[in-house]
Every structure is written in C-alpha cells, then in structure tokens.
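Each remark here refers to the structure printed beneath this line.
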Amino acid sequence: MLTMSMVLGREHPDTLISVSNLGNVLGSQWKYTEAEAIHRRDLKASEQVLRREHPDTLSSVSNLDNVLFFQGKYEKGKNDVSTGTRRIDRGDWTYTSYPKPVTSLDIL
C-alpha cells in the first residue's frame, strides 16, 4: 500500500480502496481501534475526492459503522448508517452518475 500511495498518491481512488481494505482486515482481526482510525481516514479522503454521494464513499460509511458497532458505539454507528441510508434513498449513489472505471476485461 505504501508503494501504491507513493506512485498514485494518497488520495487516488485505488489507494483509498486499499486503505479501506486494510481497515476491513484490521477489523476482522478484532483490532477495532486501529480499524476505526483507518476507516475514518478513508471516509474523510473519500468525501473530499469522490464526493459524499459516491458509492465508494457510502461503502466507507458502512465500513466505519461496522467497526463502531463491534466496539459497542451503537449510537454513533446508527447516526452514520442513517446518513448513508438517506443518501441511498435520495438515489444519489447510482453508478450511472459516475464514469465507468476501465477494467482489464474492458481492454480485452
């Protein structure tokens, strides 16, 4: 992830996905305090780079909420989920609103 961050930049969407994945791995290892810090960093950067309504940003909200839930921080997590749910209910998250990423299958 350090190499990716150095090559692409700390706020590149692919780097943000890697940061999110690291947070998920830490959470699955019950390292919730570390995972929370990583997910907060990811969410803040995602909101700045991708916008609040982007699907990946909404995933970041969900990831942070999961970690908060497992730490027993139910009220804070509930607030984050309701914020993300309101965004989804408004229909702001549709993938058609964002450019389709190029994948290796597209190149073939």
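In the working numbering, the protein residues as written are 8 to 115. Built from N, CA and C at the ideal position, the CB exists for glycine as well.
Do you know whose CA, among the options, lies nearest residue i's CA?
i   : options            : result
S67 : V32, L23, R17      : L23
V74 : H19, T40, D21, N28 : T40
V76 : P20, W37, E18      : A small correction: the amino acid at residue 76 is Phe; Val does not occupy that position in the sequence shown. It is W37 whose Cα lies nearest to the Cα of F76.
N31 : Y81, S69, K80      : S69
If you follow the alpha helix (DSSP H) that residue i is part of, which residue opens it and which one closes it?
i   : result
H46 : 39-56
G34 : 20-35
Measure the Cβ-Cβ separation of residue i and residue j and say whether it is below 9 Å.
i   : j   : result
I45 : L57 : no
V26 : D49 : yes
Q78 : E54 : no
D47 : L29 : Residue identity check: residue 47 is Arg in the sequence provided, not Asp. No. Outside cutoff.
Got a sec? Which residues, its chain only, sit under 6 Å from residue i by beta carbon, not counting five neighbours each side?
i   : result
E18 : A52, V56
P20 : none
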